[in-house]
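Undergrad: Letter 44 of the sequence shown, counting from 1, is numbered 326 in the working numbering, and no numbers are missing.
Quick one: the structure is below, and I'll ask about it shortly.
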Amino acid sequence: MFNESEQGGGNILGADGSNVSDGITDKFSDLIFVLFDQALLAEGGQLQDPSLFVKRLNGFLLDGLRKKSV
283 MFNESEQGGG
293 NILGADGSNV
303 SDGITDKFSD
313 LIFVLFDQAL
323 LAEGGQLQDP
333 SLFVKRLNGF
343 LLDGLRKKSV
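Following this line, the structure appears as structure tokens:
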């Protein structure tokens, strides 16, 4: 099992020491972690930070509701 701090989450540095974008947006990163956490729960595991899971999931639900109401 891993935690987010082990998954990078920090800046990626180029050979010259400058920051390099990895092309992954915050929303995409959140989606990856929600899917991982759902798989973990489905297998009977426990989340390291359940409140963060709920926050991310609620963010996606709110985004969906906003798009429906427009």
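Where a beta carbon is used, it is the ideal one built from N, C-alpha and C, also for glycine.
If you're wondering where the values come from, they're calculated on a predicted model, not measured in any experiment.
Give the DSSP-derived three-state secondary structure of Gly326 in the structure shown.
TA: Note: Gly326 maps to coil in three-state DSSP.
Undergrad: Evaluate Asp331 with the Cβ neighbour count: other Cβ atoms within 10 Å of its Cβ, from every protein chain shown; 16 or more gives buried, anything less gives exposed.
TA: Answer is exposed; the Cβ neighbour count stays below 16.
Undergrad: Which of the three DSSP states is assigned to Lys349 in this structure?
TA: Helix at Lys349.
Undergrad: Any chance the CB of Gly326 is under 7 Å from a heavy atom of the ligand MN?
TA: Looking at this structure, you won't find the ligand MN or any other ligand, since it has none at all.
Undergrad: Going by the beta-carbon positions, is the gap between Asp312 and Arg338 smaller than 8 Å?
TA: Against a cut-off of 8 Å, the Cβ pair of Arg338 and Asp312 comes out as a contact.
Undergrad: Could you have a look at Asp298 and say whether DSSP puts it in helix, strand or coil?
TA: If DSSP states are grouped into helix, strand and coil, Asp298 belongs with coil.
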